[in-house]
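Below: one structure, written as structure tokens.
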Amino acid sequence: MYILRLTFIEIKVNEIEQSNRLIELVILDSYTLFDRKIEGDWRIIGRHINYIPTDFENTFFTYGVGDSCRKVDIFDNEVPINESQAKGLTDYSPLGNYDINDLISDKL
1031 MYILRLTFIE IKVNEIEQSN RLIELVILDS YTLFDRKIEG DWRIIGRHIN YIPTDFENTF
1091 FTYGVGDSCR KVDIFDNEVP INESQAKGLT DYSPLGNYDI NDLISDKL
């Protein structure tokens, strides 16, 4: 015998608008999380038509080593940088369910 309890949580628009970011901006492994559904139970629950992100002008990621380091913004614009400039940037690498859970659990 199974007992199934469903709880509906109503989230109001003003609660979303007044919320703060829990973790820094990251790149999700959309293939693993949404297409293949190998890890966790990830779903897209909504979207904004014609959404234009704001306040991300200074968000950059990095990849490469030595003389081949690159800095990438959220629009995929790349510029070469040196290795010391790359040290303060987030890796340009997709994160899966376990990675995101670790980031969130560190903040709670």
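In our numbering, the protein residues as written are 1031 to 1138.
Cβ coordinates follow ideal geometry from the N, Cα and C atoms, glycine included.
Treat the numbers as computed from the prediction; the structure is a model and nothing was measured.
- Task: Quickly, what does DSSP pair Glu1108 with across the bridge? List them, please.
- Result: Translated into positions along the sequence shown, residue 1108 becomes position 78. Paired residues: Val1102.
- Message: In this structure, how does DSSP classify Thr1092 when only helix, strand and coil are distinguished?
- Response: The residue labelled residue 1092 in the question sits at position 62 within the sequence shown. The three-state reading of DSSP puts Thr1092 in strand, counting E and B together.
- Task: List the DSSP bridge partners of Thr1120.
- Result: Residue 1120 sits at position 90 when you count from the first residue of the sequence shown. DSSP, once it has assigned bridges, lists Phe1091 as partnering Thr1120.
- C-beta contact flag for Phe1086 and Ile1057 at 8 Å: On the sequence shown, position 56 is the one that residue 1086 refers to. On the sequence shown, position 27 is the one that residue 1057 refers to. It is not a contact, given that the beta carbons lie outside the stated cut-off.
- Query: What is the rounded straight-line gap between the Cα of Phe1105 and the Cα of Lys1137?
  - Reply: By one-based count along the sequence shown, residue 1105 stands at place 75. By one-based count along the sequence shown, residue 1137 stands at place 107. Distance between the alpha carbons of Phe1105 and Lys1137 is about 27 Å.
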